[in-house]
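One structure is given below, encoded as structure tokens.
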Amino acid sequence: MARKSKEEILIAERHFDSIFNYDAGTIRSKFLTELRDNQRIMGIRCPDCNRVYVPARSTCHKCFASLTDFVPVANTGTLTTYSIVNSPQPYSPAEPPFIYGIIQLDGADTGLVHLISGVDPQKVTIGMRVRAVFNEKRIGSIFDIKHFKPIGGER
Ligand SMILES: [Zn+2]
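Quick note on the working numbering: the sequence shown kicks off at 386 and runs consecutively.
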């Protein structure tokens with residue numbers, strides 16, 4: 386039986402350049418409101434496995450339980466990994482070079498992606514202790530946390 390000739394599959398390219406608004410939902414809205422009004426980072430605890438998610442979400446990734454139990458977590462945490470951005474991208478939150486990090490806040494079991502500042506990109510290290518720095522003017526956005534900066538002398 387003869388094989389059908391191999392069909393060529395092309396890659397289509399599209400560029401999207403749009404800003405859109407969406408309903409953040411009750412869970413995410415509470416998380417963002419706490420950042421805005423109280424400079425407090427809230428996690429949400431799974432009633433079945435006790436895992437604490439930051440940012441707060443509605444369903445446990447591990448056991449699929451519905452999550453409603455908000456718990457405050459610390460504004461401090463540990464940098465678990467990072468990436469240094471050297472080239473400008475549309476809608477980047479900072480001018481390159483800048484550092485995106487994943488921070489496991491004290492009291493949380495998951496990582497929060499955010500900017501790391503106040504450290505030379507060549508000197509950033511995994512395991513570095515960091516603290517959230519809040520903006521003076523807050524609007525109910527993840528960027529109400531301006532960035533995370535290293536905690537001097539603490540490990
Ligand atoms: Zn769970």
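Positions of the beta carbon are idealized from the N, C-alpha and C atoms, including for glycine.
Classify Gly462 as helix, strand or coil using the three-state DSSP reduction. On the sequence shown, residue 462 is found 77 positions in, with the first residue counted as 1. Reduced to three states, the DSSP call for Gly462 is strand.
Taking 6 Å as the cut-off, is the beta-carbon of Pro436 closer than that to any non-hydrogen atom of ligand 1? Along the sequence shown, read from residue 1 onward, the residue named residue 436 stands at position 51. The question names Pro, but residue 436 in the sequence shown is Arg. For Arg436, the CB falls within less than 6 Å of some heavy atom of ligand 1.
One or two residues paired with Lys534 in a DSSP bridge: Reading the sequence shown from its first residue, position 149 is the one you call residue 534. When DSSP reads this structure, Lys534 sits in a beta bridge with Arg516.
Contact test: Lys447 Cβ vs ligand 1 heavy atom, cutoff 6 Å: Walking along the sequence shown from the start, residue 447 turns up at place 62. Yes; taking the cut-off as 6 Å, the Cβ of Lys447 has a heavy atom of ligand 1 nearer than that.
In this structure, how does DSSP classify Gly486 when only helix, strand and coil are distinguished? As a position in the sequence shown, residue 486 is number 101, starting the count at 1. Under the three-state reduction of DSSP output, Gly486 falls in the strand class.
Per-residue burial, Asp529 [other beta carbons within 10 Å of its own, 16 or more giving buried]: Against the sequence shown, residue 529 aligns to sequence position 144. The C-beta of Asp529 has 16 or more other C-beta atoms within 10 Å across all chains shown, which makes the residue buried.
Extent of the continuous alpha helix (DSSP H) run through Arg399: Within the sequence shown, residue 399 is the residue found at index 14, counting from 1. Counted as a single uninterrupted DSSP element, the stretch harbouring Arg399 is not any alpha helix (DSSP H), since DSSP gives it neither H nor E.
Do the stretch 391 to 401 and the stretch 459 to 469 meet, that is, are 3 or more Cβ pairs less than 8 Å apart? The stretch 391 to 401 vs the stretch 459 to 469: no contact.
Presumed contact (8 Å Cβ cut-off) between Phe533 and Gly492, rounded CB distance: For the purposes of this step, residue 533 is identified with residue 148 of the sequence shown, where counting begins at 1. For the purposes of this step, residue 492 is identified with residue 107 of the sequence shown, where counting begins at 1. So it is not a contact: roughly 15 Å between Cβ atoms.
Pairwise C-alpha distance: Cys434 and Cys445: Within the sequence shown, the letter at position 60 stands for residue 445. Within the sequence shown, the letter at position 49 stands for residue 434. Taking the straight line joining both Cα atoms gives about 9 Å.
Spell out the partners DSSP gives Ser468 in its beta bridges. As a position in the sequence shown, residue 468 is number 83, starting the count at 1. According to DSSP, Ser468 shares a beta bridge with Tyr485.
Whose C-alpha, out of Glu392, Ile394, Lys391, Asp422, is nearest the C-alpha of Ile527? The residue given as residue 527 occupies position 142 in the sequence shown. The residue from Glu392, Ile394, Lys391, Asp422 with its alpha-carbon nearest to that of Ile527 is Asp422.
Which listed residue (Ile484, Val518, Met427) has its alpha carbon closest to that of Val509: As a first step, residue 509 must be located in the sequence shown, where it is residue number 124. Checking every option, the nearest Cα to that of Val509 belongs to Ile484.
Please report how far the alpha carbon of Val456 lies from the alpha carbon of Glu393, in whole angstroms. Residue mapping note: residue 456 aligns to position 71 of the sequence shown, counting from 1. Residue mapping note: residue 393 aligns to position 8 of the sequence shown, counting from 1. If I take the Cα positions, the gap works out to 53 Å.
Taking 7 Å as the cut-off, decide whether the C-beta atoms of Arg514 and Ile536 are in contact. Taking the first residue of the sequence shown as 1, we reach residue 514 at position 129. Taking the first residue of the sequence shown as 1, we reach residue 536 at position 151. Result yes, Cβ atoms of Arg514 and Ile536 sit closer than 7 Å.
Given 6 Å as the limit, tell me if Ala493 has its C-beta closer than that to any heavy atom belonging to ligand 1. Walking along the sequence shown from the start, residue 493 turns up at place 108. No; taking the cut-off as 6 Å, the Cβ of Ala493 has no heavy atom of ligand 1 nearer than that.
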